[in-house]
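In what follows, a structure is listed as structure tokens, so that the remarks can point back to it.
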Amino acid sequence: MQVLLAASEVVPYAKTGGLADVAGSLADALALMGLDVVLAMPFYRCVADSFTPIPLGGSVAIP
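Take 13 as the starting number for the sequence shown in the working numbering and just add one per residue.
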């Protein structure tokens, strides 16, 4: 099963509060259960300066 996890912040990419911890931990837990997890979050400057985005080369269909 594929899961799209959308959040305004996700550890370790961007963190200002507890939401980042929850989103990061949830993604890890779902992946450990065998789910295919994709994270979506805003491309903040701190992210752009620290990480290189990975182009997916496709589209995401949300029913």
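No residue lacks a Cβ here, since even glycine has one placed at the ideal position from N, Cα and C. From a predicted model like this one, the values you see are computed outputs, not experimental measurements.
Through-space distance from residue j to residue i, alpha-carbon basis
i	j	result
V34	Y25	13 Å
Proximity winner among the options, relative to residue i (alpha-carbon distances)
i	options	result
L42	P75, Q14, S71 and T64	Q14
Residues near residue i by beta carbon distance below 8 Å, same chain, minus five either side
i	result
D40	none
D48	M13, Q14 and V15
Residue span of the beta strand (DSSP E) that contains residue i, given as start and end
i	result
L42	Unbroken run through L42 is the alpha helix (DSSP H), G30 to L44; no beta strand (DSSP E).
Backbone secondary structure at residue i - three-state DSSP
i	result
A19	coil
A60	helix
A26	coil
A52	strand
Within-8 Å CB hit, residue i to chain B
i	result
L17	Of the protein chains in this structure there is only one, and it is not chain B.
Residues of its chain near residue i, where Cβ-Cβ distance is below 6 Å and the 5 sequence neighbours each way are ignored
i	result
Y56	A26
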